[in-house]
Amino acid sequence: MSRCVLVVGSSPEVATVHVRERLFRTDAPGGDQLPLWAQYYADLGATIAASRDEASRLVLGIATPTRSYAAVLITLGIVCSRAFQLAASSNLARHFAELCALPIGTPLIERTGTRLLRGKYVGTKDFEGEPRVGMKVKDLTSYLPLAQCGRFQLSLVSSKDNAARRTNIRANEPFLRGLMPEIDPFLFVMRPRFDAIIVGHLSSMRQETQAAFVTKYKGQLRTGTLQDILGIRQLVPPGHGFRSSVQPVDARNPMPPESLAKTSVVVFDGSAAFLKLRHVFKSYDSVVLLDRTETRFAEGADQLNSAYGKRLSDDGFGAMQGAPEPPAGIEVVAYREARR
Amino acid sequence: MREVSFLDTDRVYGCGAKAVLKLHRIEHQRFREYSLSFRELVQQLGDDAQDEYWLSVLRKLGRYRFEASAAPLSFSDPAIDAQAICEFLRDHLADCGVVYPNVAAAARAMIDRLAVLALDDDAPMQSICSELAAAGTDCALLLNSSRLVPKVRQVLDVLSPTRSLDVVTPPQLRGGRCYERLIVVGPTTWFPEFVFSAPRATELHLVRYKWLWDQRRDAPAFAGSADAEGHRNGWRRLPQLDEEPERPSDFPTIDPGEIAPRVDWAKASFGDPNSGHEADDDDVDATLFVLEDNSGVFLEDDDDALLTVIDLEQDQALAVQRIRRGEIERGNFILLRTEGGGDYILEVADRLMGPKAIAIRACQNDWKRRMRLAVRDDGPEATCRALVERGALRANEANLRSWTNNRSIRPQSQEDFRAMMRLVGLDGESQEIWDKMGEVRRAHQTAGQRVRRLLIERVRTCDVEELERMGRMDFELPGEDGGTLTAFRIVDIAPESTAVPSSRIGHPFELEGITWRG
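Chains as they are written, first to last, in my numbering: chain Z, 1 to 340; chain B, 1001 to 1518.
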């Protein structure tokens, strides 16, 4: 049986509270809580993830004294909020129906314990009157009933593209359970999805997501990194699930990933990222981080101000229920504009 | 390369939350009189200030006024050269009474004032900096220009309270290093806004002369920040002075912008008047890039031309990049050949091609020159039409500029190349020249990779902080491809391009005498 998930409160609230109360820094004595500015970014990310509107997109401009850690903390909030959204809306019957509607041959992954199997969807079959969905791995086909169909998930990687059909799921289980006890850590990491795209430098993201943090699980401190949560696609082993991705600023022909969901949030890490690639992601909810020390800060702010002048509504904050108050040194503007 | 830890980031936000500003205004009567009488001299000169006779005088006087206000040095310090300026002025203005009798008295008074300062060992800014450094543990001194950093460092090292002071320039305040105290030398408007809006110290001490009237900018970054509810968006005024100073009533003041260096693009883009013009040297459209330390370089207006830059945002393996000319921005470090002259990659490529390089280059120069002549005679539009008639697929003015440019080797498409050969009477040799240009291209690629590898190794071991502080650094490359390349920070880019001889492209030159107009 799939794990029963009980989530009380809205997903951004839960994510916000969990990050604030369960994630601790390791570089201050005594495992201190995250500082206010860090909590703010994570809270903001959680709130944005839950503020989607079909007709308009949210644009959030943030002027910061430094870009460091802002993008990854916002993405942390987005990923956690989305995890709770998914858990809260998890409905096996709907998932079963969605699987049944898939075209034959669709790449699937199956989780068995801590392992992932890759295969293809082969359709449904009745077993003594009970419909089951099937997945084929090499010559072996397995059929799961509704009660177990959560083990099958869509794969964004074709089984042909990956020689290894069987992969161990790598999850920092105690760290993730310490942060989000309601979420199955293996389900959390196994599914490939783009909760957020960070437009920035992969090298910075690599460094920042490797910083150590701790959570508490079963009475002990559990060490992990932001990458354990963010699962940046370029930094996970091939064939593994991911939750976010980095779009390099200096890409020659940048394109949004084909499987980018409409609900993905784009985080522009700096003026150069925003000025160069804003046209690529103009239909997505966006966070624009402008570092006041950047050479092109004023240019980035001017661009945002110009777009603000053509906004649909400046009720950006109103749309973000429970948006937190920025701490000292951070200036924010939020507005909505038409999705293109 | 510029790694900032979580702890450093926390300190940065801590500075933003706690920063306070303190103002220290200095009075020095003789320097004030010099500064104000300089302004009077310029006013008296009126339009004559633009005459060559006065330009060199005003540059020197203006430069002294600025540097003595921008660094904690004594008025007689040789680094700011008061003695040498006096000697120059006495010589240069010897006939002033005959040529400009109306201003001769004012000019003589100016020289007398400067002569007094040239013997004055007072260093009032240094005294304040020493007091501030003695009272704090983790202090830095912020200068707005890298030029005087070594000299200031040398002076401060002699005094015990200031020996431990870090001497920094604004780009160094972009990272995660924070101080307890930052001593800002000069008016706030001489510094980028982020020094105050994203402070890297909890105490910012502003040290400046009283006669400089400084009005700080203080506005939200976003138009939408000032919402009806006031505080929701996080914009708060910058750290405030405990008490706003009143404008002095007993003497006039000067706007800091009036004495700061500025680029006169019209004059600067005219270029270095002393540079040679090689025979058979075509003019090309180029843009002036102002480099750190008052130098400049012309880069040809070809957005596709590749140039080598250092990007400190990238990790080591990617820090040295070949990027297109059109992608270069202020703040980038551009690598230019400063020893031996010429394009370094071109030189390595020639070595790779061996003895045949001379003939191949001659062939390349020949067809490019023929094409440029065709463009000059018929104009770009007619030349494009002629190329299309001869089978060119992508003949337009932008491509034509690129094809005739010495930095590009050959077009992507052989049809375009063949059309050019037909146009310039080389149809019969088209294939042979195409192949030769292919060889040049391969040699350039190999040379580029080789130089990049050598540079990556050098950049990996370089002192990045020093590069940030000084805005320029020499890189000696080892082995047979050895040579010196200098990384210059780009501080400004001319708004318009200008025609310059092609031999001047890529060669840094001193902007001295052009940017200092007092």
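Using N, Cα and C, we set each Cβ at its ideal position, and we do this for glycine too.
Note that this is a predicted model, so its numbers are computed, not measured.
Neighbour flag for residue i against chain Z, beta carbons, 8 Å
{"i": "L1007 (chain B)", "result": "yes"}
{"i": "G1230 (chain B)", "result": "Reliability fails at G1230 (chain B), whose pLDDT of 45 lies under 50, so the model's placement of it is uncertain and no value is given."}
{"i": "F1509 (chain B)", "result": "no"}
{"i": "Y1013 (chain B)", "result": "yes"}
{"i": "G1016 (chain B)", "result": "yes"}
{"i": "R1460 (chain B)", "result": "no"}
{"i": "S1197 (chain B)", "result": "yes"}
{"i": "L1173 (chain B)", "result": "yes"}
{"i": "E1278 (chain B)", "result": "Note that E1278 (chain B) has pLDDT 49, beneath the 50 cutoff, so the model's placement of it is unreliable and the number below is only indicative. So no, E1278 (chain B) is outside the interface."}
{"i": "E1465 (chain B)", "result": "no"}
{"i": "V1263 (chain B)", "result": "no"}
Neighbourhood of residue i by C-beta distance below 7 Å, restricted to the same chain and skipping five residues each side
{"i": "P1252 (chain B)", "result": "L1036"}
{"i": "A1068 (chain B)", "result": "F1031, F1075, I1080"}
{"i": "C1363 (chain B)", "result": "I1433, K1436"}
{"i": "A1134 (chain B)", "result": "P1161"}
{"i": "G123 (chain Z)", "result": "I104, G134"}
{"i": "F152 (chain Z)", "result": "L99, L108, E110, V133, M135, L144"}
Any chain B beta carbon closer than 8 Å to residue i
{"i": "V214 (chain Z)", "result": "no"}
{"i": "Y217 (chain Z)", "result": "no"}
{"i": "A164 (chain Z)", "result": "Here the model assigns A164 (chain Z) a pLDDT of 49, short of 50, so the residue's position is not dependable, and the following value carries that caveat. No, A164 (chain Z) lies away from the interface with chain B (no Cβ there is under 8 Å from its Cβ)."}
{"i": "Q207 (chain Z)", "result": "yes"}
{"i": "Y41 (chain Z)", "result": "no"}
{"i": "V246 (chain Z)", "result": "no"}
{"i": "N172 (chain Z)", "result": "no"}
{"i": "G329 (chain Z)", "result": "yes"}
Closest by C-alpha distance to residue i, when choosing among the options
{"i": "L304 (chain Z)", "options": "Z:L102, Z:R25, Z:V72, Z:R336", "result": "Z:R336"}
{"i": "D1120 (chain B)", "options": "B:L1093, B:L1073, B:F1222", "result": "B:L1073"}
{"i": "S1056 (chain B)", "options": "B:P1199, B:A1070, B:R1090", "result": "B:R1090"}
{"i": "E173 (chain Z)", "options": "Z:D139, Z:V214, Z:G45, Z:G134", "result": "Z:V214"}
{"i": "V333 (chain Z)", "options": "Z:R339, Z:P12, Z:R243, Z:Y308", "result": "Z:Y308"}
{"i": "A1286 (chain B)", "options": "B:I1505, B:L1400, B:G1014, B:G1438", "result": "B:I1505"}
{"i": "M1125 (chain B)", "options": "B:L1141, B:M1110, B:R1113, B:D1112", "result": "B:L1141"}
{"i": "E331 (chain Z)", "options": "B:P1220, B:V1103, B:V1284, B:R1325", "result": "B:P1220"}
{"i": "T1383 (chain B)", "options": "B:P1355, B:I1358, B:A1419, B:F1196", "result": "B:A1419"}
{"i": "V1042 (chain B)", "options": "B:C1086, B:I1085, B:A1107, B:D1008", "result": "B:A1107"}
{"i": "A1017 (chain B)", "options": "B:R1200, B:S1503, B:R1039, B:V1168", "result": "B:R1200"}
{"i": "E208 (chain Z)", "options": "B:R1472, B:H1444, B:L1007", "result": "B:L1007"}
{"i": "V52 (chain Z)", "options": "Z:P131, Z:L44, Z:T263", "result": "Reading off the sequence, residue 52 (chain Z) comes out as Arg, not Val. Among Z:P131, Z:L44, Z:T263, the Cα nearest to that of R52 (chain Z) belongs to Z:T263."}
{"i": "V1195 (chain B)", "options": "B:A1260, B:C1015, B:C1129, B:E1327", "result": "B:C1015"}
Close-in-space but distant-in-sequence residues of the same chain around residue i (CB under 6 Å, 5 per side omitted)
{"i": "V266 (chain Z)", "result": "I197, F281, Y284, S286"}
{"i": "E1027 (chain B)", "result": "K1210"}
{"i": "S2 (chain Z)", "result": "Residue placement at S2 (chain Z) is poorly supported in this model, since its pLDDT is 38, which falls under 50; the coordinates still yield a value, given next. The answer, listed in chain order, is G150."}
{"i": "M1470 (chain B)", "result": "S1146"}
{"i": "P12 (chain Z)", "result": "A46, T47, A50, S81"}
Neighbourhood of residue i by C-beta, 8 Å cutoff - its chain only, sequence neighbours within 5 removed
{"i": "E1415 (chain B)", "result": "G1391, A1392, L1393"}
{"i": "G329 (chain Z)", "result": "W37, T64, P65"}
{"i": "T1338 (chain B)", "result": "D1474, T1484, L1485, T1486, P1508"}
{"i": "L1114 (chain B)", "result": "Y1034, L1061, Y1064, A1082, I1085, C1086, L1089"}
CB-CB length for residue i against residue j, believed under 8 Å
{"i": "V1020 (chain B)", "j": "E1203 (chain B)", "result": "6 Å"}
{"i": "E1100 (chain B)", "j": "D1138 (chain B)", "result": "The question names Glu, yet the displayed sequence has Tyr at residue 1100 (chain B). In fact, because the Cβ distance is near 53 Å, the residues do not count as touching under 8 Å."}
{"i": "V199 (chain Z)", "j": "V133 (chain Z)", "result": "About 37 Å; that fails the 8 Å criterion."}
{"i": "R111 (chain Z)", "j": "F186 (chain Z)", "result": "6 Å"}
{"i": "S81 (chain Z)", "j": "A28 (chain Z)", "result": "About 26 Å separates the two Cβ atoms, so there is no contact after all."}
Contact under 8 Å by Cβ, residue i with residue j
{"i": "L1387 (chain B)", "j": "L1426 (chain B)", "result": "no"}
{"i": "I1360 (chain B)", "j": "M1353 (chain B)", "result": "yes"}
{"i": "D1492 (chain B)", "j": "S1402 (chain B)", "result": "no"}
{"i": "T293 (chain Z)", "j": "A1198 (chain B)", "result": "yes"}
{"i": "I1254 (chain B)", "j": "W1213 (chain B)", "result": "yes"}
{"i": "F1488 (chain B)", "j": "E1292 (chain B)", "result": "yes"}
{"i": "F188 (chain Z)", "j": "L260 (chain Z)", "result": "no"}
{"i": "E1300 (chain B)", "j": "V1284 (chain B)", "result": "yes"}
{"i": "H1092 (chain B)", "j": "H1205 (chain B)", "result": "no"}
{"i": "L277 (chain Z)", "j": "P257 (chain Z)", "result": "no"}
{"i": "D1010 (chain B)", "j": "P35 (chain Z)", "result": "yes"}
{"i": "L1288 (chain B)", "j": "T1498 (chain B)", "result": "yes"}
{"i": "A15 (chain Z)", "j": "G61 (chain Z)", "result": "no"}
{"i": "R191 (chain Z)", "j": "G241 (chain Z)", "result": "yes"}
{"i": "L230 (chain Z)", "j": "T106 (chain Z)", "result": "no"}
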